[in-house]
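**Q**
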Amino acid sequence: MKLKNSKTLSFLPTTKKEMDERGWEECDFILISGDAYVDHPSFGTAIIGRVLEAEGFRVGILDQPDCSKPDSEDFKRLGKPRYAWLISSGNMDSMVNHYTANRRLRSEDAYSPGGKRGKRPDRAVLAYTSRAKAAYKGVPVILGGIEASLRRLSHYDYWSDKLRKSLLIDSKADFIVYGMGEETILRLARDIKKGKPLNQMVDIPGTLYRCSSKTLKEAEELSPWEFITLPPFEKLVSQKELFAQSFKTRLDHNNPFRKTALVEESAGQFTIENPPPMPISREEFDRVYNLPFTHRSHPKYEGEGGVPALKEVRFSLVSSRGCFGNCAFCALAFHQGVIVSSRSKESIIKEAKEMIAQPDFKGYINDVGGPTANFRDPACSKQLKSGACTHRTCLGPEPCPQLEVDHRDYVSLLRDLRHLEGVKKVFVRSGVRFDYAMLDKDDTFLRELCEHHISGQLKVAPEHTSDRVLKIMGKPPARVYRAFEKKFYQINRELGKKQYLIPYLIASHPGSTLKDALITSEELRKSGFVPDQIQDFYPTPGTVSSCIYYSGIDPRNGKEVFVEKKERERKKQRALLQYNRRENEKLVVEALKDLKRQDLIPVYTGKRKSRKK
Numbered sequence: 001m002k003l004k005n006s007k008t009l010s011f012l013p014t015t016k017k018e019m020d021e022r023g024w025e026e027c028d029f030i031l032i033s034g035d036a037y038v039d040h041p042s043f044g045t046a047i048i049g050r051v052l053e054a055e056g057f058r059v060g061i062l063d064q065p066d067c068s069k070p071d072s073e074d075f076k077r078l079g080k081p082r083y084a085w086l087i088s089s090g091n092m093d094s095m096v097n098h099y100t101a102n103r104r105l106r107s108e109d110a111y112s113p114g115g116k117r118g119k120r121p122d123r124a125v126l127a128y129t130s131r132a133k134a135a136y137k138g139v140p141v142i143l144g145g146i147e148a149s150l151r152r153l154s155h156y157d158y159w160s161d162k163l164r165k166s167l168l169i170d171s172k173a174d175f176i177v178y179g180m181g182e183e184t185i186l187r188l189a190r191d192i193k194k195g196k197p198l199n200q201m202v203d204i205p206g207t208l209y210r211c212s213s214k215t216l217k218e219a220e221e222l223s224p225w226e227f228i229t230l231p232p233f234e235k236l237v238s239q240k241e242l243f244a245q246s247f248k249t250r251l252d253h254n255n256p257f258r259k260t261a262l263v264e265e266s267a268g269q270f271t272i273e274n275p276p277p278m279p280i281s282r283e284e285f286d287r288v289y290n291l292p293f294t295h296r297s298h299p300k301y302e303g304e305g306g307v308p309a310l311k312e313v314r315f316s317l318v319s320s321r322g323c324f325g326n327c328a329f330c331a332l333a334f335h336q337g338v339i340v341s342s343r344s345k346e347s348i349i350k351e352a353k354e355m356i357a358q359p360d361f362k363g364y365i366n367d368v369g370g371p372t373a374n375f376r377d378p379a380c381s382k383q384l385k386s387g388a389c390t391h392r393t394c395l396g397p398e399p400c401p402q403l404e405v406d407h408r409d410y411v412s413l414l415r416d417l418r419h420l421e422g423v424k425k426v427f428v429r430s431g432v433r434f435d436y437a438m439l440d441k442d443d444t445f446l447r448e449l450c451e452h453h454i455s456g457q458l459k460v461a462p463e464h465t466s467d468r469v470l471k472i473m474g475k476p477p478a479r480v481y482r483a484f485e486k487k488f489y490q491i492n493r494e495l496g497k498k499q500y501l502i503p504y505l506i507a508s509h510p511g512s513t514l515k516d517a518l519i520t521s522e523e524l525r526k527s528g529f530v531p532d533q534i535q536d537f538y539p540t541p542g543t544v545s546s547c548i549y550y551s552g553i554d555p556r557n558g559k560e561v562f563v564e565k566k567e568r569e570r571k572k573q574r575a576l577l578q579y580n581r582r583e584n585e586k587l588v589v590e591a592l593k594d595l596k597r598q599d600l601i602p603v604y605t606g607k608r609k610s611r612k613k
């Protein structure tokens with residue numbers, strides 16, 4: 001059947017009309033997303049849709065369906081999927097998307113048309129799964145994306161302040177695909193197409209599936225991996241120290257080379273987590289990013305002003321995945337993994353040339369990076385043979401002796417990009433690990449970063465200045481940041497540039513007391529810099545820091561950790577870091593009085609300073 005002319009044909013269909021334009025009567029898979037549909041590889045829905053399309057499957061996008069309509073009406077927009085529903089909350093956990101660290105509603109949603117909030121429900125994956133099941137009974141449901149990935153086993157939920165079961169149990173879905181799911185979803189899709197029974201699909205890395213007590217033994221016999229039993233959910237609820245121990249087991253087994261599957265029970269239902277998938281190869285990484293993305297939001301959003309989240313990534317280039325930084329408060333280790341993969345320079349240059357050819361390109365590449373911009377390769381050769389170590393971390397708080405530090409490939413990539421015709425400036429705005437840069441005996445990367453790839457300011461993340469807190473965070477000691485700061489300003493003086501560092505800081509992280517906040521406040525006072533923004537610690541699912549926040553125990557070493565949970569006390573810590581703000585005066589005075597009662601001498605009692613460095 002000849003396709004009709006339509007500008008929507010370059011996008012995956014979102015309506016019956018768009019399906020008709022393609023001559024489709026049904027979709028093989030329907031992707032439900034809490035985000036608006038943006039056909040850009042920075043959006044997980046777009047990647048999974050295009051990967052399945054390239055395999056020959058017919059894929060539809062059900063973007064931000066309305067859960068309030070009766071009889072799941074909006075979930076029937078594209079009809080019944082032939083093989084399965086694929087459900088995600090979008091690029092963010094829906095609760096993080098909706099609420100601040102103080103549990104207040106956010107005013108905007110960058111992933112919705114016009115930035116308008118309220119387009120997705122709280123706990124979107126649960127809501128979507130319920131409505132999809134009601135719309136068409138008997139259709140398999142596969143969950144994916146960040147929300148499902150980090151809630152795949154029992155987890156602390158900050159918004160209800162309690163442990164919650166695996167999302168697979170709560171939702172009654174058939175599978176969770178966790179991590180970066182291209183190869184995983186293809187294996188599932190192929191098996192479903194072949195008609196393989198769902199209860200026999202137990203051998204796919206990167207998945208979780210459910211069993212009853214009756215079918216658990218059968219699954220164990222079919223599985224290629226040894227089953228490791230975690231404590232049951234009911235015991236975790238009553239024993240916080242047991243949750244920390246269970247979390248440690250999960251940390252140790254977060255390795256694609258492992259030969260084990262983790263089993264967690266809740267009220268007679270069992271969740272089985274297979275090992276993570278292997279990191280994406282460079283060839284496959286290139287192939288995925290060469291798929292026919294339009295790099296635009298769907299035309300139907302134009303009347304609402306488009307999708308704000310696209311603005312930052314529209315003219316940015318993804319060069320890598322994964323992060324061996326192992327920050328305790330970051331979920332990347334459990335989602336993208338700690339083994340870094342990267343695209344070839346040829347693939348990135350090809351995408352850059354296509355970007356330059358776009359009529360709205362103004363000559364500026366906004367970013368070249370990934371979770372950490374200056375990571376392009378695994379931390380060491382051992383990681384590609386047996387995965388990450390369980391007894392030490394790669395970089396923080398102290399670097400592993402086996403860590404291989406090399407910026408040459410990244411420097412070469414940046415040089416090639418900035419010399420492309422039509423490019424005025426190439427920025428590096430992804431996070432740069434300053435401690436990794438400081439380990440490089442060759443200053444070429446830092447010098448060229450200052451000379452060519454920042455514009456006035458470089459944002460970095462020391463996070464704190466108390467070494468005790470930094471150690472819990474998995475960050476380097478404060479002296480490392482001070483050394484980086486010194487070198488940064490020295491290089492800029494040599495280049496004749498006036499450029500500044502903008503440090504990110506976290507208040508009230510587990511382990512941090514008023515005394516620790518005072519230490520950081522004094523460092524800021526001495527420097528004359530007072531940050532405009534301070535991130536209150538946010539216990540998001542799936543992080544070491546969230547485990548500590550809930551249990552009061554560091555799962556990595558079993559030690560007890562002080563955790564400040566009182567809202568007033570958390571505000572005092574934040575106020576000390578922004579001591580010169582008028583609205584913080586009362587809190588700062590109150591904090592200093594508290595410190596004096598503890599026989600700590602206040603280091604700042606003078607007038608506010610408004611000058612910013």
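In terms of our numbering, the sequence shown opens at residue 1 and continues consecutively.
All C-beta atoms, glycine included, are put in the ideal place defined by N, C-alpha and C.
1) Between Glu265, Lys566, Lys259 and Ala110, which lies nearest to Val307 when the distance is taken from Cα to Cα?
2) Is it true that the CB of Glu463 sits closer than 8 Å to the CB of Leu505?
3) On the premise that Pro541 lies in contact with Asp157, defined as a C-beta separation below 8 Å, what is that separation, rounded to the nearest angstrom?
4) Go through its chain and collect everything with a Cβ distance to Ile502's Cβ below 6 Å, but skip five positions before and after it.
5) With a threshold of 6 Å on Cβ separation, who are the neighbours of Gly114 within its own chain once the five nearest residues in sequence on each side are excluded?
6) Let me check understanding here. Comparing Cα to Cα, which of Asn290, Asn374 and Phe361 lies closest to Thr347?
7) On a CA-only basis, which of Asp532, Lys487 and Gln598 is nearest Arg574? Give me that one, please.
8) Would DSSP call Leu9 helix, strand or coil?
9) So, helix, strand or coil for His453, using DSSP?
10) Taking 8 Å as the cut-off, decide whether the C-beta atoms of Leu446 and Ile491 are in contact.
11) Among Trp225, Ala267, Lys217 and Glu218, which has the Cα closest to the Cα of Val237?
12) Would you check if the distance between the CB atom of Ile365 and the CB atom of Ala373 is smaller than 8 Å?
13) So does the stretch 511 to 523 actually touch the stretch 463 to 482, counting three or more Cβ pairs closer than 8 Å?
14) Of all the options Glu421, Phe334 and Arg282, which has the alpha carbon lying nearest to the alpha carbon of Ala388?
15) Nearest by alpha-carbon distance to Gln535: which of Ser508, Tyr549, Ala309 and Glu560 is it?
16) Compare the beta carbon distance of Leu62 and Phe75 with 8 Å and say whether it is the shorter of the two.
17) For the beta strand (DSSP E) containing Ala507, name the first residue and the last one.
18) On a CA-only basis, which of Glu312, Gly337, Gly23 and Ala46 is nearest Phe324? Give me that one, please.
19) Where does Ser412 fall in DSSP's three states?
20) What are the start and end residues of the alpha helix (DSSP H) that includes Ile192?
21) Identify which residue in Asp170, Ala478 and Gly496 has its Cα closest to the Cα of Gly398.
22) Drop a sphere of 10 angstroms on the beta-carbon of Ala357, count the other beta-carbons inside from all chains shown, and report buried for 16 or more, exposed for fewer.
23) Exposed or buried, what is Ser10 when buried is set at 16 or more other beta-carbons lying within 10 Å of its beta-carbon?
24) Which residue from Ser341, Ala54 and Gly206 puts its Cα closest to that of Ser381?
**A** Taking the definition as stated:
1) For the purposes of this step, residue 307 is identified with residue 307 of the sequence shown, where counting begins at 1. The residue from Glu265, Lys566, Lys259 and Ala110 with its alpha-carbon nearest to that of Val307 is Ala110.
2) As a working mapping, residue 505 is identified with position 505 in the sequence shown. As a working mapping, residue 463 is identified with position 463 in the sequence shown. A contact, by the Cβ cut-off of 8 Å.
3) Taking the sequence shown and counting its residues from 1, one reaches residue 157 at position 157. Taking the sequence shown and counting its residues from 1, one reaches residue 541 at position 541. Correct: roughly 7 Å between the Cβ atoms.
4) Taking the first residue of the sequence shown as 1, we reach residue 502 at position 502. Closer than 6 Å at the Cβ level, and outside the excluded window around Ile502, lie Gln457 and Lys459.
5) Locating residue 114 in the sequence shown gives position 114, where the first residue counts as 1. Around Gly114: Glu304 and Gly305.
6) Taking the sequence shown and counting its residues from 1, one reaches residue 347 at position 347. Note that residue 347 is Ser in the sequence shown, not Thr. The shortest CA-to-CA distance from Ser347 to any of Asn290, Asn374 and Phe361 is the one to Asn290.
7) Within the sequence shown, the letter at position 574 stands for residue 574. For Arg574, the closest C-alpha among the options Asp532, Lys487 and Gln598 is that of Asp532.
8) On the sequence shown, residue 9 is found 9 positions in, with the first residue counted as 1. Look at Leu9 here: in three-state DSSP terms it is helix.
9) Position 453 of the sequence shown, counted from the first residue, corresponds to residue 453. Here His453 sits in coil by DSSP.
10) Here residue 446 refers to the residue found at position 446 of the sequence shown. Here residue 491 refers to the residue found at position 491 of the sequence shown. Yes; because the gap between Cβ atoms is below 8 Å, this pair is in contact.
11) In the sequence shown, residue 237 corresponds to position 237, counting from 1. The candidate whose alpha carbon is nearest that of Val237 is Ala267.
12) Position 365 of the sequence shown holds residue 365. Position 373 of the sequence shown holds residue 373. The answer is no: Cβ separation not under 8 Å.
13) Taking 8 Å as the limit for Cβ pairs, the verdict is that the stretch 463 to 482 does touch the stretch 511 to 523.
14) Within the sequence shown, numbered from 1, the residue matching residue 388 stands at position 388. Comparing Cα positions, the closest option is Phe334.
15) Taking the sequence shown and counting its residues from 1, the one referred to as residue 535 is at position 535. Checking every option, the nearest Cα to that of Gln535 belongs to Ser508.
16) Against the sequence shown, residue 62 aligns to sequence position 62. Against the sequence shown, residue 75 aligns to sequence position 75. Their beta carbons are under 8 Å apart, which means Leu62 touches Phe75 by this criterion.
17) Locating residue 507 in the sequence shown gives position 507, counting from the first residue. Tyr500 to Ala507 is the span of the beta strand (DSSP E), which, as asked, contains Ala507.
18) The sequence position of residue 324 within the sequence shown is 324, counting from 1. That would be Gly337, whose Cα lies nearest to the Cα of Phe324.
19) Taking the first residue of the sequence shown as 1, we reach residue 412 at position 412. Three-state DSSP puts Ser412 in a helix.
20) Against the sequence shown, residue 192 aligns to sequence position 192. For Ile192, the uninterrupted alpha helix (DSSP H) run begins and ends at Glu182 to Lys194, by DSSP.
21) Translated into positions along the sequence shown, residue 398 becomes position 398. Note on residue identity: the sequence assigns Glu, not Gly, to residue 398. Considering only alpha carbons, the answer is Ala478.
22) Counting from 1 along the sequence shown, the entry for residue 357 is found at position 357. Ala357 should be labelled exposed.
23) For this step, residue 10 is matched to residue 10 along the sequence shown. Exposed is the label assigned to Ser10, since fewer than 16 other Cβ atoms lie within 10 Å of its Cβ.
24) By 1-based counting over the sequence shown, the position of residue 381 is 381. Taking the Cα of Ser381 as reference, the smallest distance to any Cα among Ser341, Ala54 and Gly206 is reached at Ser341.
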